[in-house]
Structures are given as structure tokens and as C-alpha cells.
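Counting from 17, one number per residue, gives the positions in the sequence shown under my numbering. Glycine included, each C-beta is placed from N, C-alpha and C at the ideal position.
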Amino acid sequence: MNVLAFVASPRKNSNTDILTDRFLEGAKSTGADCEKVYLYDCSINFCQGCYRNCWINPNDCTRFEDDMQRLIEKMIASDLVLFASPVYMGSFTAKLLSFFERTIPIHNVDLETMVVVENRLRGRNAVVALIHDSPDPATAELPFKVMDRILKKSFEMNIVGRLQVGGVRDKADINNKQESLREAYELAVRLCSQ
Ligand SMILES: Cc1cc2nc3c(=O)[nH]c(=O)nc-3n(C[C@H](O)[C@H](O)[C@H](O)COP(=O)(O)O)c2cc1C
Numbered sequence: 017m018n019v020l021a022f023v024a025s026p027r028k029n030s031n032t033d034i035l036t037d038r039f040l041e042g043a044k045s046t047g048a049d050c051e052k053v054y055l056y057d058c059s060i061n062f063c064q065g066c067y068r069n070c071w072i073n074p075n076d077c078t079r080f081e082d083d084m085q086r087l088i089e090k091m092i093a094s095d096l097v098l099f100a101s102p103v104y105m106g107s108f109t110a111k112l113l114s115f116f117e118r119t120i121p122i123h124n125v126d127l128e129t130m131v132v133v134e135n136r137l138r139g140r141n142a143v144v145a146l147i148h149d150s151p152d153p154a155t156a157e158l159p160f161k162v163m164d165r166i167l168k169k170s171f172e173m174n175i176v177g178r179l180q181v182g183g184v185r186d187k188a189d190i191n192n193k194q195e196s197l198r199e200a201y202e203l204a205v206r207l208c209s210q
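Structure follows, in C-alpha cells:
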């Protein structure tokens, strides 16, 4: 089982990172191969909407040579992908959105009929984790919905788990939420044991 985790917080060793580590610890305890990617360490240009080649050559954005191609390949090679982000301004972070914008090349589209003839992410499993300061669980409703739309509708992934931790603001506040960290660990154990 290959597990890939994207950390979409600019802060290392922070709440999102700590939750991600607990999830990966759970996955590793079952023997899964795990990798963590800090999106803020990656070079991800903004999509320019050029439609140059990205729907014709799968996984090939010919405009930029940045980290996107290798990140897409990593996702395709995974059985389970964790997308973990803090809530920023009521949504997930801009870095994660710019990453999603650049995933257009996962699809190979027949440009005459506009039908997707290949989707190289279809059927992969996904877990979404959202972390925020507000104690109100409704804080994550909108970003969860947007994630649903992108992961289920566009990527055709199966969302097999959701994690949400509210009431954490400063780095490592999440260490006071041992129950949430245990939940992340146990979710990974369950998903990787199936
Ligand atoms: C620019 C910015 C915007 C934020 N917007 C929200 C918000 O809309 N709702 C909320 O509950 N918390 C918000 N927060 C708080 C973060 O979600 C919170 O500090 C979180 O624990 C950060 O995760 P990290 O430690 O992994 O970086 C915001 C923080 C920043 C820096």
C-alpha cells in the first residue's frame, strides 16, 4: 500500500504537520510505504489557462517545468492520498488551490467531443483533513464541499475519510487534542489494513 500525504500549511511542525505525522505513523504501523510532501517547498506555478497541451498529452503541462509533473506522478502511484490543510479565510490554503488548478493534465480529453477518455487518478482513495482556529465545526463546511467537488467529481477519487480539528491556532496547539490525533492514527490503521 502506497500512502502519500500533502501538507498544505506553510508552517512545518505545526498543527497540520503534526496531524499528518500521526496519520502516517498509523499507516506505517501496518507496513504501508509512506511519503510526505510539503506543498510550500514545491515549485508550483499558477495555471495560465493556455489549454496548450495539458488535455492532449496526459500529465504534460508544456508551459512550465516545475514540480507539478512529479507530484501528479506521485499521486497516480499512490493507493491513498491525504490532503491536509489549515483553513485560511474560510477555505483551504492558496497553495493547495494552485496545486489543484495544475492537475488538469491527469485527464486526457477528446477535444472534439470534450469527453474524458482517460483519468489516471480514477479510483484512488483520498482522506481530507482540515485544521482551524475557530471551535465551530461549520468553519470547515465550505472547504470540505470544495474538496468533495474536486476529489470526487473531477479526480473521481473515493473520499474514504475526513478529519477536522477546530480550536487550534498556534504551532503545536494540536498536541492538546490527543483524541483528534488518535483518531487520525486509527483512521490510517483502518484504511491501510483493508
Ligand atoms: C491567513 C490566515 C487565515 C486564517 N483563516 C482562518 C479562518 O478563516 N477560520 C479559522 O477558523 N481559522 C483561520 N486561521 C487559523 C488557522 O487555521 C490555524 O492557525 C491553524 O491551526 C493553522 O494550521 P498550521 O498550524 O498547520 O499552520 C487562519 C490563519 C491564517 C494565518
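* Taking D164 as the reference, give the member of A142, A154, V132 with the closest Cα. => A142
* **T46 versus T78: straight-line alpha-carbon distance, rounded** => 39 Å
* Backbone secondary structure at N29 - three-state DSSP -> coil
* Asked: What is the DSSP secondary structure of Y67, counted as helix, strand or coil?
  -> coil
* CB T36 to CB V19, shorter than 8 Å? -> no
* Asked: Heavy atom of ligand 1 less than 7 Å from the Cβ of I88, yes or no?
  -> no
* To do: Please state whether DSSP places K111 in a helix, a strand or coil.
  => helix
* State buried or exposed for A145, treating a residue as buried only when at least 16 other CB atoms are found within 10 Å of its CB. => buried
* Which of helix, strand or coil does DSSP assign to V184? -> coil
* What are the boundary residues of the beta strand (DSSP E) that V19 is part of? -> 18-23
* Using only the heavy atoms of ligand 1, determine whether one of them is closer than 7 Å to the beta carbon of N192. => no
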